[in-house]
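To start, the structure itself, in structure tokens.
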Amino acid sequence: MENQVLNIENFSFYYGDSQALKDINLSINKNRVTAIMGPSGCGKTTLIRAINRMHELTENTRTEGSIKLYDENIYELDPIIVRRRIGMVFQKPNPFPTMNIYDNVIAGYNLNGIKLKKSEKDIIVEESLRKSALWGEVKDNLYKKGTFLSGGQQQRLCIARALAMKPEILLLDEPTSALDPKATAHIEELISELKNYVTMLIVTHNMGQAARISNDAVFLYLGELIEHGKTKKLFTTPQDKRTEEYLTGKFG
Amino acid sequence: MRKLFSGDKIYRGILYASAFFLIVLLFGFFITFIFESSESLSKFGFGFITGTQWDPIDSQFGALPFLIGTLITSFLALIISFPLSLMIAVFLSEYFHKGFFHNIIKTAVELLAGIPSIVFGFWGLFVLVPVIRDFQTAIGIEAYGVGIFSSAIVLSIMIIPYTASISREVITMVPSDVKEAAYSLGATKYEVIRRIILPYSGSGIFAGALLALGRALGETMAVTMIIGNSNIMPTSIFSPGNTMASVIANEFTEATDSTYLSALIEIGLLLFIVTAFINLIGKYIIKKTARFS
Amino acid sequence: MNNEINNNIEVISNQNFDVDYFKEKKINFRIFKDKFFKYSTIAGALFISLLLAYILFYIARQGISSINWNFLTELPKPPGEIGGGVANAIVGTLIMILLASIIAIPVSIAIGVYLSEDKQTKLSYWVRTGLEILQGMPSISIGIVVYVWVVLQMGSFSGLSGGIALAIMMLPVIAKSTEETLKMVPYSLKEASMALGVPYYKTILKVVLPSGLSGILTGILIAVARIAGETAPLLFTSFGNPFMSADVMKPMNSLPLVIFNYASSPYKEWHNLAWGASFLLVLIILILNITAKIISRKWKIKF
Ligand SMILES: Nc1ncnc2c1ncn2[C@@H]1O[C@H](COP(=O)(O)OP(=O)(O)OP(=O)(O)O)[C@@H](O)[C@H]1O
Ligand SMILES: [Mg+2]
Numbered sequence: 010m011e012n013q014v015l016n017i018e019n020f021s022f023y024y025g026d027s028q029a030l031k032d033i034n035l036s037i038n039k040n041r042v043t044a045i046m047g048p049s050g051c052g053k054t055t056l057i058r059a060i061n062r063m064h065e066l067t068e069n070t071r072t073e074g075s076i077k078l079y080d081e082n083i084y085e086l087d088p089i090i091v092r093r094r095i096g097m098v099f100q101k102p103n104p105f106p107t108m109n110i111y112d113n114v115i116a117g118y119n120l121n122g123i124k125l126k127k128s129e130k131d132i133i134v135e136e137s138l139r140k141s142a143l144w145g146e147v148k149d150n151l152y153k154k155g156t157f158l159s160g161g162q163q164q165r166l167c168i169a170r171a172l173a174m175k176p177e178i179l180l181l182d183e184p185t186s187a188l189d190p191k192a193t194a195h196i197e198e199l200i201s202e203l204k205n206y207v208t209m210l211i212v213t214h215n216m217g218q219a220a221r222i223s224n225d226a227v228f229l230y231l232g233e234l235i236e237h238g239k240t241k242k243l244f245t246t247p248q249d250k251r252t253e254e255y256l257t258g259k260f261g
Numbered sequence: 040m041r042k043l044f045s046g047d048k049i050y051r052g053i054l055y056a057s058a059f060f061l062i063v064l065l066f067g068f069f070i071t072f073i074f075e076s077s078e079s080l081s082k083f084g085f086g087f088i089t090g091t092q093w094d095p096i097d098s099q100f101g102a103l104p105f106l107i108g109t110l111i112t113s114f115l116a117l118i119i120s121f122p123l124s125l126m127i128a129v130f131l132s133e134y135f136h137k138g139f140f141h142n143i144i145k146t147a148v149e150l151l152a153g154i155p156s157i158v159f160g161f162w163g164l165f166v167l168v169p170v171i172r173d174f175q176t177a178i179g180i181e182a183y184g185v186g187i188f189s190s191a192i193v194l195s196i197m198i199i200p201y202t203a204s205i206s207r208e209v210i211t212m213v214p215s216d217v218k219e220a221a222y223s224l225g226a227t228k229y230e231v232i233r234r235i236i237l238p239y240s241g242s243g244i245f246a247g248a249l250l251a252l253g254r255a256l257g258e259t260m261a262v263t264m265i266i267g268n269s270n271i272m273p274t275s276i277f278s279p280g281n282t283m284a285s286v287i288a289n290e291f292t293e294a295t296d297s298t299y300l301s302a303l304i305e306i307g308l309l310l311f312i313v314t315a316f317i318n319l320i321g322k323y324i325i326k327k328t329a330r331f332s
Numbered sequence: 067m068n069n070e071i072n073n074n075i076e077v078i079s080n081q082n083f084d085v086d087y088f089k090e091k092k093i094n095f096r097i098f099k100d101k102f103f104k105y106s107t108i109a110g111a112l113f114i115s116l117l118l119a120y121i122l123f124y125i126a127r128q129g130i131s132s133i134n135w136n137f138l139t140e141l142p143k144p145p146g147e148i149g150g151g152v153a154n155a156i157v158g159t160l161i162m163i164l165l166a167s168i169i170a171i172p173v174s175i176a177i178g179v180y181l182s183e184d185k186q187t188k189l190s191y192w193v194r195t196g197l198e199i200l201q202g203m204p205s206i207s208i209g210i211v212v213y214v215w216v217v218l219q220m221g222s223f224s225g226l227s228g229g230i231a232l233a234i235m236m237l238p239v240i241a242k243s244t245e246e247t248l249k250m251v252p253y254s255l256k257e258a259s260m261a262l263g264v265p266y267y268k269t270i271l272k273v274v275l276p277s278g279l280s281g282i283l284t285g286i287l288i289a290v291a292r293i294a295g296e297t298a299p300l301l302f303t304s305f306g307n308p309f310m311s312a313d314v315m316k317p318m319n320s321l322p323l324v325i326f327n328y329a330s331s332p333y334k335e336w337h338n339l340a341w342g343a344s345f346l347l348v349l350i351i352l353i354l355n356i357t358a359k360i361i362s363r364k365w366k367i368k369f
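Below is the structure:
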């Protein structure tokens, strides 16, 4: 039980009057990769954006229930603290176009007004780029604009940027859907390695990807959590008929 | 078939003619300015810009007081209006990007752009100038009321719409995924605006300020009514003065001898060149910014 | 590749670089700054709107009492006498706007059509640059040039020269909006007409231009709104005239000129007339802008 990092309890989500998530209950264990699957529009993005309160940037949204990071309800903390403890990687790589690679990695500290010595920054930048397996490729070009990198490199830069803040959880929303197969393979490998440091929730449409990189899997359907379990078990012996239909390609 | 073909020819002909007409028109402007100011250009040379004496009776024409007057009023106006314009742009694009308050402020800015210069001048003369005069009395300086400072304030109100609308446009062009990335790292809205949005849209905002400056430099009527029309070198920002545009407006119909008229037209030439330059740079930056995103 | 990652990870785990969070700015201070910025922004925007409301209110209060039947139908009276109106200025403004529109509309629409046809030629580049220069040009410069070109040649100030000066100011506005509108007319519409064997110029005149009509009309209204209050280019072209005159070859009065001349006079009655003229002018411009908005919203080209 003390292994649980995140506890989502009786959680519902509304865009205005329309309910996008219905009474979700889910707990996430430390240092595991959880894949969130489901057909398009089932609420995957909504769920993970609610976990670091990014949904509050969208007008007219409302939540019920609670999400606990260890023992603290994230809705009782300040959103800027929540977001620092729960990092996020987006579908489309989005490095800051006005900053070079170095500044991109350290951006979280600069944005949060954390003053660091140059030597401290150097360590964080190198460490984060190594963790995201980008160090070797960019260590000679740290002061070039991040937007000059390839798509896959940009996405790893975004992962480095999130890791630099030492988040307890990392949320990834279809992080490879804008990338080519080679870059995708690279990111997948990276995720498998990263679970030693950080707990991850990854939204993916690609069942092969979920099978390759995740320990646990969640199946969402029409805003409801249908099934949650070890990835192997969910893939081989799904308990619910809808999960089975999804896995065999009946919809989505 | 023949007839139709010639119809297309006439059509192209008309289009080309109008396009050339515009080029010729502008070229004509330039030639006219040079030609009509040639007397003053050859008589005073560079001394026209550095001379501080403007004395038509003595045929002394030094335009420096007006150049200084123009620069001070315009830059002062820009300094006053810039923060307010930026606030309006941020308000409209980041805090209230739609809805009731958005519409109110947006309409207000549009209305502001629509009020004629002469009406601003009239209002300034009857409402603002007395206030400034009281203020000058209160701080114990010569209480003209009219002058460079009063003009700059009225100008600053008038140019707000230019900077505000262009800034709003470029701020709206900042991709939302870049902003989201910053929020996801724990930044507050202020920090996102300050460290992501403003750097990203900086050159566009600069262009907006430049275009507003161009407006301020050439603005005539409001300034003419408020600046006090004094041809001596301003000694402080509260002095009465004249700008390039206001001295033309005031003295053009009185200029009886050819040197006098030619000197006024040379001021017009300077104004024409400076504003054209500023506008082209501003537009160029905006175009580049638009392509960049 | 796997090896590379594993190697990296070893390096990392040996390093310890925990950040000293005491150096961090207090979170409450950051939140305070955020709020402070938000409310200053709102205050700034509110301040401008209130200022505008005050200016409009002031003009309306001063002006509305001057506006009556006499104001609209009579000529100005000599100083000291009560009453009088600005009928000559209203007529003059209307005549010069009409004149300017007649001159500017065909040429500027043709320029706009040209720009939408030749998008990337050298000539169109220079035409665009020219329009930009013209748009940013101080209106007083236009007055000077028209003075030299028209007033000096005719030997007198005239309504015609005023109309020409205003026409030059309208030109870039209408040309730009025509170009923008025509750009949005889809190519398929042109093709459909051409496929029926309609010659190109007729396609443009009968199909493309009409479908962009609302945009062009909006541009014209905005251009008229822009020139209605212009004073500087009229100072040495139409000059002003205390009498009623509809003769475009003679000096002509206009509302902005009335404001300028009467505002700087020492007479209270004349000030009142100037306030009345200001109010009327602002009202006209407001109505033009609102109409332009309604047209562009209602008739927005939908394809
Ligand atoms: N901003 C919004 N306003 C209103 N409804 C929204 C909004 N965003 C999403 N929705 C609705 O909420 C539901 C869940 O959307 P969500 O984006 O979470 O789905 P998803 O599972 O991430 O889909 P996809 O696989 O296509 O990314 C959908 O029905 C969608 O239409
Ligand atoms: Mg999604």
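Chains as they are written, first to last, in the working numbering: chain R, 10 to 261; chain W, 40 to 332; chain D, 67 to 369. Ideal Cβ placement from N, Cα and C applies to all residues, glycine included. Quick caveat, the model's predicted, so the values are computed rather than measured.
So what's R/Leu30 in DSSP terms, helix, strand or just coil?
-> To locate residue 30 of chain R, count along the first sequence from 1; it is residue 21. Looking at R/Leu30 - three-state DSSP - the assignment turns out to be strand.
Beta-carbon separation of D/Ser311 and D/Asn154 under 8 Å?
-> Indexing the third sequence from 1 puts residue 311 of chain D at position 245. Indexing the third sequence from 1 puts residue 154 of chain D at position 88. It is a contact, given that the beta carbons lie within the stated cut-off.
Would you report the Cα separation of D/Asn94 and R/Met174, rounded to the nearest angstrom?
-> For the purposes of this step, residue 94 of chain D is taken as residue 28 along the third sequence, with counting starting at 1. For the purposes of this step, residue 174 of chain R is taken as residue 165 along the first sequence, with counting starting at 1. One C-alpha to the other measures close to 19 Å.
Along chain R, which residues have their Cβ under 8 Å away from the Cβ of D/Arg96?
-> Sequence index remark: in the third sequence, residue 96 of chain D carries index 30 (1-based). Around D/Arg96, the beta-carbon contacts reaching into chain R at under 8 Å are Ile89, Asn121 and Gly122.
Less than 8 Å between the CB atoms is what I'm expecting for W/Ser132 and W/Gly163, so what's the real figure, rounded?
-> Taking the first residue of the second sequence as position 1, residue 132 of chain W is located at position 93. Taking the first residue of the second sequence as position 1, residue 163 of chain W is located at position 124. A Cβ-Cβ distance of about 30 Å is found for the pair W/Ser132 and W/Gly163, leaving them out of contact under the 8 Å criterion.
Whole-angstrom C-beta distance between W/Glu219 and R/Phe99, which should lie under 8 Å = Indexing the first sequence from 1 puts residue 99 of chain R at position 90. Indexing the second sequence from 1 puts residue 219 of chain W at position 180. The beta-carbon distance between R/Phe99 and W/Glu219, rounded to whole angstroms, is 7 Å. This is short enough to meet the 8 Å contact definition.
For W/Glu75, which residues in chain D fall below 9 Å Cβ to Cβ?
-> To locate residue 75 of chain W, count along the second sequence from 1; it is residue 36. Under the 9 Å cutoff, chain D gives Ile210, Val211 and Val214.
Mind reading off the beta-carbon distance from W/Ala128 to W/Ala255? Whole number of angstroms is fine, and I expect it under 8 Å.
-> As a working mapping, residue 128 of chain W is identified with position 89 in the second sequence. As a working mapping, residue 255 of chain W is identified with position 216 in the second sequence. Rounded, the Cβ-Cβ distance is 18 Å, inconsistent with contact.
If you draw a straight line from the C-alpha of W/Ser76 to the C-alpha of D/Thr284, how long is it?
-> For this step, residue 76 of chain W is matched to residue 37 along the second sequence. For this step, residue 284 of chain D is matched to residue 218 along the third sequence. Spanning the two alpha carbons is a distance of roughly 38 Å.
Candidates R/Tyr23, R/Asp26, R/Ser27 and R/Asp32: which alpha carbon is nearest R/Ile17's?
-> In the first sequence, counting from the first residue as 1, residue 17 of chain R sits at position 8. Ranking R/Tyr23, R/Asp26, R/Ser27 and R/Asp32 by Cα distance to R/Ile17 puts R/Asp32 first.
Determine the contact status of D/Gly202 and W/Thr314, defining contact as a CB-CB distance below 8 Å.
-> Within the third sequence, residue 202 of chain D is the residue found at index 136, counting from 1. Within the second sequence, residue 314 of chain W is the residue found at index 275, counting from 1. At a Cβ-Cβ threshold of 8 Å, D/Gly202 and W/Thr314 count as neighbours.
Determine, using beta carbons only, whether W/Tyr222 comes closer than 8 Å to chain R.
-> Mapped onto the second sequence, residue 222 of chain W falls at position 183. True, the Cβ-Cβ gap to chain R drops below 8 Å.
Residues in the segment 227–239 of chain W with C-beta within 7 Å of chain D's C-beta atoms, listed in sequence order?
-> Going along the segment 227–239 of chain W in chain order, one finds Thr227, Lys228 and Tyr229 with a Cβ nearer than 7 Å to chain D.
Going along the chain, which unbroken runs of the alpha helix (DSSP H) with 4 or more residues stay wholly within the segment 179–238 of chain D?
-> The qualifying runs are 188–202 and 205–212.
Counting only runs of 3+ residues fully inside the segment 88–112 of chain W, write out the beta strand (DSSP E) ranges in chain order.
-> Scanning the segment 88–112 of chain W for uninterrupted beta strand (DSSP E) segments of 3 residues or longer gives nothing; none is fully contained.
Using the beta-carbon count (16 or more within 10 Å), is D/Asn319 buried or exposed?
-> For the purposes of this step, residue 319 of chain D is taken as residue 253 along the third sequence, with counting starting at 1. Answer is buried; the Cβ neighbour count reaches 16.
Under 8 Å by beta carbon: chain R residues contacting D/Ile93 | Counting from one through the third sequence, the residue named residue 93 of chain D turns up at place 27. What D/Ile93 touches in chain R: Asp87, Ile89 and Ile90.
With 8 Å as the threshold, decide whether the Cβ of R/Leu66 is near any Cβ in chain W.
-> Position 57 of the first sequence, counted from the start, is the residue given in the question as residue 66 of chain R. For R/Leu66, the answer is yes, since a Cβ of chain W falls inside 8 Å of its Cβ.
So which residues of chain W does D/Phe103 contact, with C-beta pairs closer than 7 Å?
-> As a position in the third sequence, residue 103 of chain D is number 37, starting the count at 1. Those within 7 Å of D/Phe103 in chain W are Tyr229.
Can a CB atom of chain W be found closer than 8 Å to the CB of R/Ala192?
-> Within the first sequence, residue 192 of chain R is the residue found at index 183, counting from 1. Not one chain W Cβ lies under 8 Å of R/Ala192.
Could you tell me if the beta carbon of R/Lys127 falls within a distance shorter than 7 Å of some heavy atom in ligand 1?
-> Start at 1 with the first residue of the first sequence, and residue 127 of chain R comes out as number 118. Outside the cutoff, so no.
Does the beta carbon of R/Met209 sit closer than 8 Å to a beta carbon anywhere in chain W?
-> Locating residue 209 of chain R in the first sequence gives position 200, where the first residue counts as 1. False, the Cβ-Cβ gap to chain W never drops below 8 Å.
What's the call for R/Asn69, buried or exposed, on a 16-neighbour Cβ count within 10 Å?
-> Locating residue 69 of chain R in the first sequence gives position 60, where the first residue counts as 1. The residue in question, R/Asn69, is exposed, as its Cβ has fewer than 16 Cβ neighbours within 10 Å.
Considering only C-alpha positions, which residue in the set W/Ile178, W/Leu250, W/Phe100 and W/Ile143 is nearest to W/Ile205?
-> Translated into the one-based positions of the second sequence, residue 205 of chain W becomes position 166. Comparing Cα-Cα distances from W/Ile205 to each of W/Ile178, W/Leu250, W/Phe100 and W/Ile143, the minimum goes to W/Leu250.
Under 8 Å by Cβ, that's how I've got W/Ser124 and W/Ala203 pegged, so tell me the actual separation to the nearest angstrom.
-> Walking along the second sequence from the start, residue 124 of chain W turns up at place 85. Walking along the second sequence from the start, residue 203 of chain W turns up at place 164. Indeed they touch by this definition, with Cβ atoms about 4 Å apart.
R/Ile75 in three-state terms, based on DSSP = Here residue 75 of chain R refers to the residue found at position 66 of the first sequence. Per the sequence shown, the amino acid found at residue 75 of chain R is Ser instead of Ile. DSSP places R/Ser75 within a strand segment (E or B) once states are collapsed to three.
W/Gly138 beta carbon near ligand 1 (any heavy atom closer than 7 Å) | Residue mapping note: residue 138 of chain W aligns to position 99 of the second sequence, counting from 1. The answer is no for W/Gly138.
Show which residues of chain W have a CB atom less than 9 Å away from the CB atom of D/Ile121.
-> Walking along the third sequence from the start, residue 121 of chain D turns up at place 55. Those are Leu151, Ile154, Val158, Phe159, Trp162, Val166 and Ile196, listed as they occur along chain W.
For D/Asn73, I'd like the list of residues in its chain whose CB is within less than 7 Å of its CB, leaving aside the five on either flank, ordered along the chain.
-> The sequence position of residue 73 of chain D within the third sequence is 7, counting from 1. Confidence in D/Asn73 is poor, its pLDDT being 41 and thus under 50, which makes the residue's placement unreliable; the coordinate value appears in the next sentence. The beta carbon of D/Asn73 lies closer than 7 Å to none in the same chain, with the five residues before and after it left out.
Does R/Lys175 come within less than 8 Å of chain W when only Cβ atoms are used?
-> As a position in the first sequence, residue 175 of chain R is number 166, starting the count at 1. Taking 8 Å as the CB threshold, R/Lys175 stays off the interface with chain W.
Is D/Lys89 close to chain R, meaning its C-beta is less than 8 Å from at least one C-beta of that chain?
-> As a position in the third sequence, residue 89 of chain D is number 23, starting the count at 1. Confidence at D/Lys89 is low in this model, with a pLDDT of 48, below 50, so the placement of that residue should be treated as unreliable; the coordinate-derived value is given next. Judged by the 8 Å Cβ criterion, D/Lys89 is in contact with chain R.
When the Cα atoms are used, what is the spatial distance from R/Ser128 to R/Ser137?
-> Within the first sequence, residue 128 of chain R is the residue found at index 119, counting from 1. Within the first sequence, residue 137 of chain R is the residue found at index 128, counting from 1. Answer to the nearest angstrom: the Cα atoms are 14 Å apart.
Within 8 Å, strictly: CB atoms of D/Pro299 and D/Gly306 | One-based indexing of the third sequence puts residue 299 of chain D at position 233. One-based indexing of the third sequence puts residue 306 of chain D at position 240. No, the pair does not count as a contact, with Cβ atoms beyond the cut-off.
Beta-ladder partner(s) of R/Ala44, from DSSP = As a working note, residue 44 of chain R is residue 35 in the first sequence. When beta bridges are read from the DSSP output, R/Ala44 appears opposite R/Ile211 and R/Ala226.
Any heavy atom of ligand 1 within a distance shorter than 7 Å of the CB on R/His237?
-> Taking the first sequence and counting its residues from 1, one reaches residue 237 of chain R at position 228. Because no heavy atom of ligand 1 lies under 7 Å away, the Cβ of R/His237 does not count as near it: no.
Could you tell me the boundaries of the beta strand (DSSP E) in which R/Asp182 lies?
-> Locating residue 182 of chain R in the first sequence gives position 173, where the first residue counts as 1. Looking at the DSSP string, the run of the beta strand (DSSP E) that includes R/Asp182 is Ile178 to Asp182.
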